[in-house]
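For the sequence shown, position 51 (counting from the first letter as 1) is numbered 50 according to numbering that gives the first Met the number 0, and the numbering increases by one without interruption.
Heads up: the structure comes next, in structure tokens.
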Amino acid sequence: MKKFVITASVVLSTVLATAQWSNKVSEPYWVNTENEYFYGYDLGMACNDNAWLWLNWEGDTHYVQLFDTTGVALFGENNMLVSDHQDRLTGYVNQNLFVDSNGDAIVVVSDLRHSSIEEDLGTYTAYKISQTGEMLWGEDGVLLDSDMGTYISAMMGIAEMSDGSYVFTWTHSNNDAIFSIEVQRVSADGKLMWNADETRLTDPEGNITYFWPYIVDAGYGQSILVYTKGSGSELYARKLDFDGTPVWSKDTRIYNGGFLSTPLWTLLCVKPSGDGGVIVTWYDDRYYSGIESIYMSYVKSNGELGFASGAEGQKLCYSENRALSTTCTYDPASDSFIAFWRESTPGQGSYRIVAQSVSKDGELLWGENGLEIEPMGEYENYDDLSIRTAREGEVALFYMKRNSLEYGNVDIRMQLLDTRNGVLLWDESRIITDTVSPTEKTDMKVTDMASQKFWIFGWDDRGVESDPNDKWLYLQRVNYDGTVGNPGNAAIDKIETYDSGMTVAYAHNKEVVFAINSSQATQATLAIYNTNGQLVATPFSGTLPNGQVNITWQADVPAGVYLATLTTAYGVEAEKIFVKQ
């Protein structure tokens, strides 16, 4: 007779009443109320799968919230106050929230705390907040620039170094409105590490403008700064050593041309290349033909341009359409760069979205016209494109789709893409917001993937009528399979024993007992799978009553790892079972 042992026994305890992520697309998590107007927000995923939310109420008051994997707000219903100093800026772009490798949140606030309202001089202050709500850099944060007479513009970038320090970059100007770029490094415990006068990018004569800074980690305590220079916004890259000094003999010109007055944060995507370099994508109409094209440049860790196209940039698509709104990422599975953008017909009557894979020597791996994600549709449009890492060899594509010319007919969609083979994993994109009562949605944001299982996304919802007073912030969880909400809406208890006297779960000889405590009656199925994904047993399928019920599995299986899944109307919860002979 086999001796049956569970070394990490699983308990599927369904606590439906306390979970916050709804499994219904029509019932997402509503953050603000009808009387609360939020100005901006940002999202980030911590290393233990908790999700950070940064909120700016009315432009002055900054809060953070931390949600656990089931959507419970760990800082309470009122969120955690970070700063409420008066703010002069109408907002800034790039990064308001950065989540580091320890799961701590870095929040940067611009305000008038060191200036009178009449002087109207803003400064940047950075806060570091632990997942327990501790202000690790003090209640007043860290002042990034000691120059109190600085007017700060709306641009901020943050990168974490291998030693746990952070590099911040932003733009500022003097009273003559000549813009320069500030770069500062802050230690893990909140100490300024660089002399701002030595790291500043500025023209001593005051004639050249520096703007639009982006910063990425380049490894070995170094970072790469991407910025524009001059009235034509010429694009450059500079590598900074651990002490802030330039590594390359001269900055690398990324693109021979320049850009007009369009805000470059709407054109550029800047990401690390995975090997100590940086990739940049953008779109331009350099020949004034009325047809924009997508371009990518790859700057190696030594400052050389990696593509044969050099400072012209590698053109990513040769269709006759207008190409707009690009984003990009490095894919380690294929060791290539993935770009994602939208296209329109010349008259902008129809739109589609396209992806492309680019090798490190500039070869277009998915053909000259790229891979079509959504086909051309008349009076349809796409916005807020986002590309996120999924499981190995995959990326998840998120985007908003306007389904008609009517106001309030927008939904959010998701598609999985196999990066090795250049194929879509789903026949059709998954709609992850309500389409029964569609609303006007903007400003979608998505976190990184958590434990190969899910993402958290949010959007600004304006309702079904054009009313400037309606601005609701919604959050939702989307799982790897495209379903929304909390699988099983379950909290999981784990035990390290198989004592038959346990009331939660136990194993004896060939019997495994699962104790399930449901807060309400629901249809449920408890199934057991092996590591090949084959169904081994279905101990229960039917109506799960309110309260605790014990379900017995008569296990007659070989030694190994098995997966127990509890599927209810609220989703799926799963845990591993280790069986030894």
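Yeah, the Cβ is synthetic: ideal placement off N, Cα and C, and Gly gets one too.
Computed from a predicted model, the values in this text were never measured in an experiment.
My output table needs one value for residue i: the three-state DSSP class, helix, strand or coil.
| i | result |
| --- | --- |
| Glu204 | coil |
| Thr168 | strand |
| Pro374 | strand |
| Leu65 | strand |
| Ala449 | strand |
| Glu572 | strand |
| Gly392 | coil |
| Leu415 | strand |
| Thr32 | coil |
| Gly70 | coil |
| Thr344 | coil |
| Glu311 | helix |
| Ala195 | helix |
| Trp136 | coil |
| Pro271 | strand |
| Thr524 | strand |
| Leu472 | strand |
| Pro486 | helix |
| Trp20 | coil |
| Leu633 | Given that the chain is displayed from residue 0 to residue 580, the structure contains no residue 633 and the question cannot be resolved. |
| Trp425 | coil |
| Trp264 | helix |
Under 8 Å, do residue i and residue j count as touching if we go by C-beta distance?
| i | j | result |
| --- | --- | --- |
| Gly309 | Arg285 | no |
| Cys327 | Thr261 | no |
| Ala322 | Ser292 | yes |
| Trp247 | Tyr226 | no |
| Trp365 | Ser358 | no |
| Asn95 | Val107 | yes |
| Ser333 | Arg252 | no |
| Lys444 | Phe453 | no |
| Trp471 | Asn31 | yes |
| Val477 | Ile431 | yes |
| Asp144 | Thr170 | no |
If I measure Cβ to Cβ from residue i and keep anything under 8 Å in the same chain, skipping five residues before and after, which residues do I get?
| i | result |
| --- | --- |
| Ser436 | Ser25, Val463 |
| Ala520 | Thr542, Leu543, Pro544, Asn545 |
| Thr60 | Leu80, Ser82, Asp83 |
Please decide whether residue i counts as near chain B, where near means a Cβ-Cβ distance under 8 Å.
| i | result |
| --- | --- |
| Gly305 | The structure shown contains no chain B; it holds only a single protein chain. |
Whole-angstrom Cβ separation of residue i and residue j, contact assumed at under 8 Å?
| i | j | result |
| --- | --- | --- |
| Val141 | Thr124 | 7 Å |
| Val229 | Thr208 | The question names Val, but residue 229 in the sequence shown is Gly. Contact flag correct, Cβ pair sits at about 7 Å. |
| Trp20 | Gly70 | 4 Å |
| Asn55 | Gly39 | 4 Å |
| Ile447 | Met44 | The sequence given here has Asp at residue 447, not Ile. Yes, they are in contact, since the Cβ atoms of Asp447 and Met44 sit about 5 Å apart, within 8 Å. |
Output needed for residue i: all residues of its chain with C-beta closer than 6 Å, excluding positions within five of it in sequence on either side, in chain order.
| i | result |
| --- | --- |
| Ile214 | Gly156, Ala158, Val166, Thr168, Ser222, Leu224 |
| Arg390 | Gln451 |
| Arg184 | Ser164, Val166, Met192, Trp193 |
| Pro600 | In the structure displayed, the chain extends from 0 to 580; residue 600 sits before or after that span and is not available. |
| Lys299 | Gly276, Gly305 |
| Ser428 | Arg412, Gln414 |
| Asp48 | Thr68, Ala449, Ser450 |
| Ser318 | Asn368 |
| Asp86 | Gly58, Asp59, Asp110 |
| Ser385 | Phe397, Val445 |
| Pro245 | Arg237 |
| Lys604 | The displayed coordinates of the chain run from 0 to 580. Any statement about residue 604 would go beyond what the structure contains. |
| Cys46 | Gly102 |
So which of the options has the shortest CA-CA distance to residue i?
| i | options | result |
| --- | --- | --- |
| Gly376 | Leu404, Tyr329, Val185 | Leu404 |
| Glu393 | Leu384, Val81, Gln414, Arg401 | Gln414 |
| Asp250 | Phe241, Leu259, Arg237 | Arg237 |
| Phe241 | Tyr294, Gly220, Asn368, Phe306 | Gly220 |
| Asn408 | Ala523, Phe397, Asp460 | Asp460 |
| Pro271 | Trp247, Phe258, Asn529, Ser296 | Ser296 |
| Asp41 | Phe513, Tyr235, Asp442 | Asp442 |
| Tyr528 | Trp340, Ala104, Ala563, Ser540 | Ala563 |
| Ile411 | Met399, Asp59, Val298, Thr418 | Met399 |
| Leu423 | Glu439, Asp433, Ala395 | Ala395 |
| Leu120 | Lys127, Tyr126, Arg112 | Arg112 |
| Asp103 | Asp330, Glu439, Glu133 | Glu133 |
| Trp51 | Ala72, Asp110, Glu57 | Ala72 |
| Phe397 | Ala187, Glu373, Lys127 | Glu373 |
| Trp29 | Arg387, Leu534, Leu474, Ala187 | Leu474 |
| Ser186 | Ile105, Tyr294, Thr432 | Ile105 |
| Tyr287 | Gln313, Leu259, Leu267 | Leu259 |
| Tyr350 | Glu371, Ile430, Tyr254 | Glu371 |
| Ala307 | Cys268, Gly273, Glu362 | Glu362 |
| Cys316 | Thr438, Ser129, Ile352, Tyr381 | Ile352 |
Taking 7 Å as the limit between beta carbons, can you name the residues of its chain near residue i, skipping five residues before and five after?
| i | result |
| --- | --- |
| Asp433 | Val24, Ser25 |
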